[in-house]
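For the record, the sequence lines run as chains Z and P.
For the first sequence, the numbering used here assigns the number 668 to the last residue and increments by one with no breaks.
For the second sequence, the numbering used here assigns the number 668 to the last residue and increments by one with no breaks.
A short write-up of the structure that comes next.
There are 2 protein chains.
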Amino acid sequence: MVTLKELAQMCGVSTSTISNILNGKPKVSEETRLRILEIVKQSGYQPNYFAQGMRMQKTRMIGIIVEDLNEFSTSPIVEAIMAYCEEKNYRAILLNMRLYDKWQDTWYDDESKLQSVLQPAIRELLSIKVDGIMYIAGHCRVINCFPEDFTIPAIVVYAISKAPGFTSVVIDDEKGSYDMTRYLISMGHRKIGLIAGIEDNLHTQKRSLGYQRALFEEQLLFNPDWIRYGNWQRQSGYEETKKLIEEGVTAIFCMNDTMAAGAYDYLYECNIKIGQDISVVGYDNKEISEYLRPNLTTSDLGLPEIGRESARIILSMMEGDCEKRNEHEIVRMPCSIVERASVSNLSE
Amino acid sequence: MVTLKELAQMCGVSTSTISNILNGKPKVSEETRLRILEIVKQSGYQPNYFAQGMRMQKTRMIGIIVEDLNEFSTSPIVEAIMAYCEEKNYRAILLNMRLYDKWQDTWYDDESKLQSVLQPAIRELLSIKVDGIMYIAGHCRVINCFPEDFTIPAIVVYAISKAPGFTSVVIDDEKGSYDMTRYLISMGHRKIGLIAGIEDNLHTQKRSLGYQRALFEEQLLFNPDWIRYGNWQRQSGYEETKKLIEEGVTAIFCMNDTMAAGAYDYLYECNIKIGQDISVVGYDNKEISEYLRPNLTTSDLGLPEIGRESARIILSMMEGDCEKRNEHEIVRMPCSIVERASVSNLSE
DNA sequence: TTGTAAGCGTTATCAA
DNA sequence: TTGATAACGCTTACAA
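So this is what it looks like as structure tokens:
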């Protein structure tokens with residue numbers, strides 16, 4: 321691969337002249353500029369990344385650390401980040417901690433497990449001298465990603481940074497859940513069962529809050545028996561639906577699509593017609609929601625928007641000389657209802 | 321971040337001594353070795369990646385170019401590659417061309433579109449001085465990825481390299497399809513309809529071949545009316561199923577799960593009971609196959625195995641001084657039937 | 001066994 | 001307007 325020095329010899333000028341031309345420095349005569357540029361183009365010259373990175377402090381590269389690339393929410397976020405980086409002429413390097421792959425569900429209570437892979441990942445990105453680091457979580461929680469005295473811009477996405485000084489971008493669970501509950505109410509439902517996720521999970525808590533607020537605003541009595549805690553898995557959706565049916569609810573709000581599929585399983589077994597005899601909604605707008613029958617009404621997470629917004633924020637931090645780091649700002653991105661066929665209109 | 325020079329001052333030795341220790345060179349006294357190692361550990365020293373990469377020729381980094389990270393087959397492959405790299409102490413940098421995002425389905429006939437993003441991607445990885453490049457396609461076809469005189473090890477995954485000299489790792493479509501057809505025959509089916517993908521697609525061709533071979537071996541008459549070409553989309557599965565039903569087939573073999581879902585749509589509409597009145601199988605083992613009712617029998621692609629095997633091959637090329645590059649070898653990885661509830665047993 | 005110094009390919013500083 | 005040179009942090013051949 322041709323180097324600057326070789327190029328200089330070919331052109332009969334010094335390396336610094338070429339370097340200046342290539343970097344758009346003004347102190348070059350137009351005449352040589354054009355001549356050199358032509359030769360450079362023909363040579364197929366590509367600057368050596370290491371030499372450049374070593375010399376300058378900027379690399380125009382951001383590091384993305386993902387908890388697990390196979391988590392359904394991750395690739396759309398990453399794809400959007402990369403799209404934005406491409407627009408702005410940045411590169412992105414992805415580090416995949418593969419947390420689920422390594423430890424299934426056993427890691428998120430275990431701070432030491434996380435840190436044992438996160439710290440090397442961060443060190444590695446630091447040694448690559450990325451200009452900024454994005455942490456993409458697999459699900460929302462308060463999380464200790466970066467030390468408080470971190471030297472480069474960093475952001476946490478789809479979770480909330482414990483350390484202040486880092487912006488977090490998350491979905492607006494409370495509003496999304498509120499909207500969904502209001503939607504069910506607007507369809508005439510008054511007895512709305514809720515199949516929540518794991519109880520101490522942040523998504524669960526926020527979405528529960530949204531549910532309660534909607535009921536409250538509509539003056540609907542809050543019945544604690546109508547709130548059941550699942551574990552996000554299909555089977556738990558099945559089981560809790562059974563109990564909710566006994567309670568006589570007319571609509572079931574599942575906090576994810578997977579549990580909604582479990583609800584479908586039970587209702588199908590009982591020959592209760594979804595979208596007619598009972599209504600079911602989910603959350604996440606996963607691909608499966610279009611394959612369940614009837615198609616599931618659910619809440620879209622706006623994953624690409626999250627990715628794009630996070631990228632926008634961190635690039636602006638990087639270019640703004642990293643010093644308008646809004647202290648512990650939490651950006652909440654809206655979810656949007658996608659209406660399909662699983663809700664019946666009781667008010668008609 | 322602490323440098324080798326600073327470390328040398330702290331320890332009162334030269335940089336080369338420390339460098340030798342860190343790189344396991346033998347010409348160091350045990351005494352100083354231990355003393356230095358301790359200080360190094362405490363300092364949190366991390367070698368500068370650029371300096372290292374500039375000095376040596378190896379970076380222990382491989383570049384992964386994916387056609388589109390959002391394609392369902394891509395992340396599992398990438399995840400497995402990264403797992404293997406981690407085991408072997410390599411890093412991986414991911415470049416996402418986002419072909420579908422940019423051009424939907426309009427790019428794969430258009431060599432110039434592909435090259436317009438692929439060439440910069442390759443140049444970029446080259447300038448980063450990766451030790452090897454893996455190209456991960458979104459679907460199988462013969463593809464012009466790398467120039468014949470490419471200087472570093474490279475491999476194409478989930479597609480077949482046009483240029484000889486590059487190993488390709490693909491799924492064994494023909495065998496997978498053959499197995500599936502044999503399976504249907506073993507369940508007593510004699511009239512087996514096939515909903516193929518787009519006609520000039522490689523998956524389509526290979527799977528058609530497998531289907532034919534199975535019929536032939538069982539001395540079943542091949543009926544061309546039972547082969548219908550869809551376009552991989554759900555709607556085409558719906559439409560072709562309609563025609564196949566008119567033909568009176570007892571089983572429908574769809575070349576992907578998405579078209580199988582379309583078949584389900586039509587059969588549901590007609591109140592034909594899948595797994596009883598008719599049998600349907602898919603291909604891909606996408607998540608949706610577990611959510612269709614009844615659960616879809618399909619063929620698993622073994623994506624993680626593909627990723628792992630590709631990584632194994634390229635790392636061995638890299639470490640074997642890049643000169644046992646098997647000329648144009650095509651590695652075919654097996655698919656495996658996952659039996660669920662969409663096939664009835666006619667022979668009982 | 002340890003230290004010195006050259007060199008990897010750039011960019012920045014400063015002199016010509 | 002251009003060119004010589006130092007510097008970035010590391011590894012390695014060679015000298016001590």
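For each residue, glycine too, the CB sits at the ideal point set by N, CA and C.
Proximal residues to tryptophan 546 (chain P) (C-beta, below 8 Å), its chain only, five neighbours per side dropped | Lys511, Ile512, Gly513, Leu514, Leu564, Glu567 and Val569
With 8 Å as the C-beta to C-beta threshold (strictly closer), list the residues of the segment 430-442 of chain P near chain Z in chain order.
-> none
Find the nearest neighbour of isoleucine 634 (chain Z) within the set Z:Ala412, Z:Gly557 and Z:Ser334, judged by alpha-carbon distance.
-> Z:Ala412
Leaving out five residues before and five after leucine 666 (chain P) in sequence, what residues of the same chain have Cβ atoms less than 7 Å from its Cβ?
-> Met507, Gly508, His509 and Thr570
Would you give the residue range spanned by the alpha helix (DSSP H) that aspartate 493 (chain P) belongs to?
-> 493-506
Beta-carbon of cysteine 642 (chain Z) versus every beta-carbon of chain P: anything under 8 Å?
-> Note on cysteine 642 (chain Z): pLDDT 46, under 50, position unreliable in the model; no value is reported.
In or out: glutamate 589 (chain Z) buried (at least 16 other Cβ within 10 Å) or exposed?
-> exposed
Selected residue, minimal CA-CA separation from phenylalanine 470 (chain P), among Z:Met321, Z:Ser630, Z:Ser662 and Z:Ser636 | Z:Met321
Could you tell me whether the Cβ atoms of glycine 517 (chain Z) and tryptophan 552 (chain Z) are closer together than 8 Å?
-> yes
Three-state secondary structure (DSSP) of asparagine 340 (chain P) | helix
Beta carbon of isoleucine 385 (chain P) nearer than 8 Å to that of alanine 441 (chain P) | yes
Could you please give the first and the last residue of the uninterrupted beta strand (DSSP E) stretch that includes arginine 549 (chain Z)?
-> Here residue 549 (chain Z) turns out to be tyrosine, not arginine, going by the sequence shown. Per DSSP, tyrosine 549 (chain Z) belongs to the beta strand (DSSP E) from 547-549.
Using a Cβ cut-off of 7 Å, which residues of the segment 359-386 of chain P contact any Cβ in chain Z, in chain order?
-> Gln366, Pro367, Asn368, Tyr369, Phe370, Ala371, Gly373 and Met374
List the residues that DSSP assigns as beta-bridge partners of tyrosine 428 (chain P).
-> Paired residue(s): none; tyrosine 428 (chain P) is not in a bridge.
Between the beta-carbon of isoleucine 608 (chain P) and the beta-carbon of aspartate 577 (chain P), is there less than 8 Å?
-> yes
Quick one: using the 10 Å Cβ neighbour count with 16 as the cut-off for buried, is valine 437 (chain Z) buried or exposed?
-> buried
Do alanine 483 (chain P) and asparagine 464 (chain P) have their CB atoms nearer than 8 Å?
-> yes
Using the Cα positions of isoleucine 472 (chain Z) and phenylalanine 486 (chain Z), report the straight-line distance between them to the nearest angstrom.
-> 11 Å
Report the three-state DSSP secondary structure of glycine 383 (chain P) (helix, strand or coil).
-> strand
Starting from phenylalanine 370 (chain Z) and walking both ways along the alpha helix (DSSP H), at which residues does that stretch end?
-> 369-375
Taking the alpha-carbon positions, what's the glutamate 406 (chain P) to isoleucine 594 (chain P) distance?
-> 44 Å
Using a C-beta cutoff of 8 Å, does arginine 418 (chain Z) count as contacting chain P?
-> yes
Alpha carbon of aspartate 492 (chain Z) to alpha carbon of leucine 623 (chain Z), nearest angstrom | 12 Å
Quick one: does serine 336 (chain P) have its CB under 8 Å from some CB of chain Z?
-> no
By the criterion of Cβ-Cβ separation under 8 Å, what are the contact partners of tyrosine 611 (chain Z) in chain P?
-> Ala581, Ile608, Tyr611 and Leu612
Based on Cα-Cα distance, which residue from P:Val477, P:Lys361 and P:Pro367 lies nearest to glutamate 649 (chain P)?
-> P:Val477
Backbone secondary structure at cysteine 590 (chain P) - three-state DSSP = coil
In chain Z, which residues lie with their C-beta within 9 Å of the C-beta of glutamate 399 (chain P)?
-> Asp388, Leu389, Asn390, Asn416, Arg418 and Asp421
Kindly give me the distance between the Cβ atoms of isoleucine 369 (chain Z) and lysine 378 (chain P), rounded to whole angstroms, as I take these residues to be in contact under 8 Å.
-> The question names isoleucine, but residue 369 (chain Z) in the sequence shown is tyrosine. Not confirmed; about 15 Å, so no contact.
Can you give me the Cβ contacts of cysteine 642 (chain P) inside the same chain, cut-off strictly under 6 Å, excluding the 5 residues immediately before and after it?
-> Unreliable placement is indicated for cysteine 642 (chain P), whose pLDDT of 46 sits below 50; no coordinate value is reported for it.
In its own chain, which residues sit with a C-beta less than 8 Å from the C-beta of leucine 435 (chain P), not counting the 5 before and 5 after it?
-> Inspection of the sequence shows that residue 435 (chain P) is occupied by glutamine rather than by leucine. Only Asn464 meet the Cβ criterion.
Can you list the residues of chain Z that methionine 402 (chain P) reaches, using a CB-CB cut of under 8 Å?
-> Leu389, Asn416 and Arg418
Supposed contact pair leucine 522 (chain Z) and cysteine 574 (chain Z) - C-beta distance, whole angstroms, cut 8 Å = Rounded, the Cβ-Cβ distance is 17 Å, inconsistent with contact.
Compute the Euclidean distance between the alpha carbons of methionine 374 (chain Z) and serine 447 (chain Z), then round it to the nearest angstrom.
-> 11 Å
Simplified DSSP assignment, three categories, for threonine 570 (chain P) | coil
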